[in-house]
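Here is the structure we will look at, set down as structure tokens.
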Amino acid sequence: MLVCPVCRTRLKENRFGYACKKGHRFDIAAQGYVNLLGAKHSGSGDDPAMVKARTEFLSLDSYRPLAEKVADIMKSLLDGAENPLVLDCGCGEGYYTNIYAAALPFAEIFGMDISRAAVKHAASRAKALGLANVRYAAASSFELPFSDRSADIIISTFAPVAGEEFARVLKKGGKLVIVCPAPEHLMGLRAVLYDEPYLNKPNDYGLKGFAAFGSERLEYTLSLKTNRDIMNLFAMTPYYYRTPREGRERLERLESLDTGCGFDILTFRKK
Ligand SMILES: C[S@@+](CC[C@H](N)C(=O)[O-])C[C@H]1O[C@@H](n2cnc3c(N)ncnc32)[C@H](O)[C@@H]1O
Ligand SMILES: [Zn+2]
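In this text, residue positions in the sequence shown follow my numbering: the first is 1, and each later residue adds one.
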């Protein structure tokens, strides 16, 4: 159940958007998303330029195999659930979220991100695709506008993992799906940027109240054919902020790049 980010009472839908019984009102913007950012949130997430770079890169469908694999995993996790609620936390511009909505028409999908630019894009794309089972809100993963034990699945893809808040909002037995880079992810890109490229270290999410449930790895080769695609991919990565000038210049001169990509899809069950 959706709750008011101000007073935490139930939010009911009306023709403008949502309102609680205490009179707090959250209208749906023309682009189709609602702002449910609570008072405690800090930061603003990805800015419009980063959203644009990621949108352009994702529109190549280079990461579609990942989205389809995750949708299949969620389908099997939801087997038999009635009107399940799936929260995509840190959904960005909704590339994956909209694919999940199309693949899981029996589920209600809610995409949230603290970047308004991102959810604005996500919602207008969902409208253009005619997806009726997906909604978007500006909201922080650390302060979700949902009541306790209301979600069947929470998914976090390359986004902050708010373990305590996810445990609060998931139903008992609900699943947390974390998608993160595998050790060799984008090694071909890193080999251009750095003299001594390193492997990604596995993350310790320090999850309390969850039991590890499953782990799958997806690996394949990306063949990028233009410098713009290469630079858009670069702008989506953490290396964008910590690459020495010479490394960036080497990348700026490339017209094509083959690089492996690898993703770990980790599943946890809420105890
Ligand atoms: C690397 S992007 C991944 C976006 C999307 N899941 C994807 O894979 O395309 C990380 C996203 O997390 C969002 N973000 C950062 N802090 C957040 C928070 N506290 N709550 C929700 N989203 C957050 C950013 O705005 C950004 O869109
Ligand atoms: Zn309220």
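Ideal Cβ positions, reconstructed from N, Cα and C, are used throughout, including at glycine.
Distance from the C-beta of LYS22 to the nearest heavy atom of ligand 2 is below 7 angstroms. Between the stretch 208-215 and the stretch 239-250 there are fewer than three inter-stretch CB-CB distances shorter than 8 angstroms, so the stretches are not counted as touching.
Pairing SER150 with ASP46 gives a Cβ-Cβ distance that is not under 8 angstroms. Counting along the chain, ASN227 sits inside the alpha helix (DSSP H) bounded by residues 227-235. Taking 8 angstroms as the cut-off, the Cβ atoms of ASN133 and ILE109 count as close. Separation of the CB atoms of VAL70 and VAL179 is rounded to 6 angstroms, and the pair is thereby assigned contact status at 8 angstroms. Straight through space, the alpha carbons of ASN98 and ALA126 are spaced by roughly 6 angstroms. Taking 8 angstroms as the upper bound for CB-CB distance, LEU176 and LEU66 are not in contact here, some 17 angstroms apart.
Annotation: the continuous alpha helix (DSSP H) that includes SER124 extends over 116-129. The C-alpha of GLU164 lies about 36 angstroms from the C-alpha of GLU196. In the DSSP annotation of this structure, the continuous segment of the alpha helix (DSSP H) that includes PRO65 starts and ends at 64-77.
A check of alpha carbon separations from TYR205 across GLN31, PRO160, VAL192 and ARG190 identifies PRO160 as the nearest.
Annotation for TYR205: no alpha helix (DSSP H) segment contains it, and DSSP assigns it neither H nor E. Judged by DSSP in its simplified three-state form, TYR240 adopts helix. Short note on VAL34: C-beta not closer than 7 angstroms to any heavy atom of ligand 2. If you ignore the 5 residues before and after LEU2, its C-beta comes within less than 7 angstroms of the C-beta of LEU11, TYR18, PRO145 and PHE146, all in its own chain and listed in chain order. A residue is called buried once 16 or more other Cβ atoms fall within 10 Å of its Cβ, and ASP113 is buried on that count.
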